[in-house]
Amino acid sequence: MSKLLEDRNDIELLVNRFYDSLLADDRIGYMFAHLRGKHWQAHLEKMYRFWESNIFDIESYQGNPMLAHIKIHNRQPMSEEMFAIWLSHWQNTVNQLFHGEKAEKALFRAATIKDLMQQRVLTDELPMFMQKIRPIRG
């Protein structure tokens, strides 16, 4: 039975269940292997702050997820399919656990983030300041 998405505890439940789902998926779970172990809790904490900021408009997250994902892509290339799988797991997890305005916002923000990340990470259309991370090929 779903409930309203209301606070940080709900964000933690959402993020934890989402990652449980992702990690169980052989098509994408391996992408997170480098974080398992000593870095896992720090990653989760960062994701709690990221989604808390995005869903509740609280400025608790500091970071640049675009640069982080470009660096990941440079190490281990991503694909459109991976972004679609990521979004599908997020949508399923949100819909299983929550309903209401904040749940809808979580779904909308994730779809927007997926589209933007996919466009920037998988193409060479980078702003000049990001070209130092991955030079334009040509």
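Under the numbering used here, read the sequence shown as residues 1063 to 1200, first letter to last.
Glycine residues also receive a C-beta, built at the ideal position from the N, C-alpha and C atoms.
Here's the rule I'm using: 16 or more other beta-carbon atoms within 10 Å means buried, otherwise exposed. How should H1151 be labelled? If you number the sequence shown from 1, residue 1151 lands on position 89. With 16 or more Cβ atoms within 10 Å of its Cβ, H1151 is classed as buried.
Is Y1081 buried or exposed, if buried means 16 or more other CB atoms sit within 10 Å of its CB? Taking the first residue of the sequence shown as position 1, residue 1081 is located at position 19. Buried, since its Cβ has 16 or more Cβ neighbours within 10 Å.
Please confirm if the region 1139–1153 is in contact with the region 1175–1185, defined as three or more CB-CB distances below 8 Å between the two stretches. Under the 8 Å Cβ criterion, the region 1139–1153 counts as touching the region 1175–1185, having at least three qualifying pairs.
Could you pull the DSSP bridge partners for H1161 from this structure? Position 99 of the sequence shown, counted from the first residue, corresponds to residue 1161. The partner list for H1161 (beta bridge, DSSP) reads L1066.
Counted within 10 angstroms of its Cβ, other Cβ atoms place Y1110 as buried (16 or more) or exposed: The residue labelled residue 1110 in the question sits at position 48 within the sequence shown. Under a 10 Å Cβ-count criterion, Y1110 is classified as buried, with 16 or more other Cβ atoms of the shown protein chains found around its own Cβ.
I1147 and R1089 - do their beta-carbons sit closer together than 8 Å? As a working mapping, residue 1089 is identified with position 27 in the sequence shown. As a working mapping, residue 1147 is identified with position 85 in the sequence shown. Contact flag set, yes.
Which of helix, strand or coil does DSSP assign to I1132? Position 70 of the sequence shown, counted from the start, is the residue given in the question as residue 1132. Note: I1132 maps to helix in three-state DSSP.
What residue from A1104, Q1103, L1085 has the CA that sits closest to A1095's CA? Here residue 1095 refers to the residue found at position 33 when the sequence shown is read from its first residue. It is L1085.
Sequence ranges, alpha helix (DSSP H) only - wholly within the region 1084–1163, length at least 4: You should have 1102–1118, 1127–1137, 1142–1159.
Simplified DSSP state of I1198, which is helix, strand or coil: For the purposes of this step, residue 1198 is taken as the residue at position 136 of the sequence shown. Caution is warranted here: a pLDDT of 44 is assigned to I1198, below 50, making its placement in the model unreliable, and no coordinate value can be reported.
Taking three-plus beta-carbon pairs below 8 Å as touching, is the region 1103–1121 in contact with the region 1165–1177? With the cut-off at 8 Å, the region 1103–1121 and the region 1165–1177 touch.
Taking the alpha-carbon positions, what's the N1157 to S1064 distance? Numbered from its first residue, the sequence shown carries residue 1157 at position 95. Numbered from its first residue, the sequence shown carries residue 1064 at position 2. Their backbone Cα atoms lie some 8 Å apart in a straight line.
Using alpha carbons as the reference points, say which of T1174, M1093, E1107 lies closest to I1073. By one-based count along the sequence shown, residue 1073 stands at place 11. Selected option, being the one with the closest Cα: E1107.
How many whole angstroms separate the CB atoms of L1066 and H1161, which I take to be in contact at a CB cut-off of 8 Å? Working through the sequence shown from its first residue, we reach residue 1066 at position 4. Working through the sequence shown from its first residue, we reach residue 1161 at position 99. The C-beta distance from L1066 to H1161 rounds to 7 Å, short enough to meet the 8 Å contact threshold.
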